[in-house]
Amino acid sequence: MQLSPFHLAIPVYDLATARHFYREVFGLEEGRSSDHWVDFNFFGHQLVIHLAPKNASQEAAHTNAVDGHDVPVPHFGMVLGMEEWHALAERLKSLGTRFVIEPGIRFQGQVGEQATMFLFDPCGNALEFKAFKDIGQLFAK
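Residue numbers (UniProt numbering): 1 to 141.
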């Protein structure tokens with residue numbers, strides 16, 4: 001299956017700090033920009049950070065219980081290959097990243113076993129990065 005790139009626009013209340021985070025922490029390539037927004041190549045997809053007032057989910061994230069963890073909602077992120085996920089986890093750890101949910105394995109030994117980690121950007125947007133033991137189980141029940 002060939003995937004089409006998605007476009008996701010998220011609010012940030014400090015454009016300079018968020019720009020630095022996505023460019024330097026994740027190493028994302030910057031695209032077009034203005035005084036109010038910045039495009040990034042987010043693993044082949046278009047992520048746009050837009051300057052906006054702080055919203056309720058950035059103040060205090062709602063959470064739902066998943067496999068013994070409080071998962072922040074809303075959140076977004078990427079499904080990576082396992083090697084790419086491990087490399088990103090090590091990069092983030094080496095930069096002293098504070099995780100909401102530390103890198104680890106979820107649903108171990110079950111359908112949908114996956115590596116996952118959660119963190120917040122500097123403006124309170126929750127991100128999840130995951131990799132499946134078997135990518136064929138991405139949508140398995």
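Built from N, CA and C at the ideal position, the CB exists for glycine as well.
Please read these numbers as outputs of a predicted model, since none were measured by experiment.
Whole-angstrom distance between F118 and E102, CA atom to CA atom = So the two alpha carbons sit approximately 7 Å from each other.
Return helix, strand or coil for K133, following the three-state DSSP convention.
-> coil
For T116, is the classification buried or exposed, using 16 other Cβ atoms within 10 angstroms of its Cβ as the cut-off for buried?
-> Counting the other Cβ atoms within 10 Å of the Cβ of T116 gives 16 or more, which makes it buried.
Since S57 is in the alpha helix (DSSP H), which residue starts that stretch and which ends it?
-> Per DSSP, S57 belongs to the alpha helix (DSSP H) from A56 to E59.
So what does F33 bridge to, in DSSP terms?
-> Note that residue 33 corresponds to Ser in the displayed sequence, not to Phe. S33 is bridged to V38.
Would you mind listing the beta strand (DSSP E) stretches within the stretch 49 to 113 that are 3+ residues and don't spill past its ends, in chain order?
-> 62 to 66, 69 to 73, 75 to 79 and 99 to 106
Provide the residue(s) that pair with L119 in DSSP beta bridges, ordered along the chain.
-> F99 and L127
Whole angstroms is fine: what's the gap from D121's alpha carbon to Y13's?
-> 11 Å
Between T17, P5 and T97, which lies nearest to F43 when the distance is taken from Cα to Cα?
-> Distance check between F43 and each of T17, P5 and T97 places P5 closest, using alpha-carbon atoms only.
Could you work out which residue in T97, L92, Q137 and H75 is closest to N127 when comparing CA atoms only?
-> The sequence given here places Leu at residue 127; Asn does not occur at that position. Comparing Cα-Cα distances from L127 to each of T97, L92, Q137 and H75, the minimum goes to H75.
Give the range of the beta strand (DSSP E) segment to which F8 is assigned.
-> For the record, residue 8 in the displayed sequence is Leu; it is not Phe. Residues H7 to V12.
Roughly how many angstroms separate the alpha carbons of G136 and K54, rounded to a whole number?
-> 38 Å
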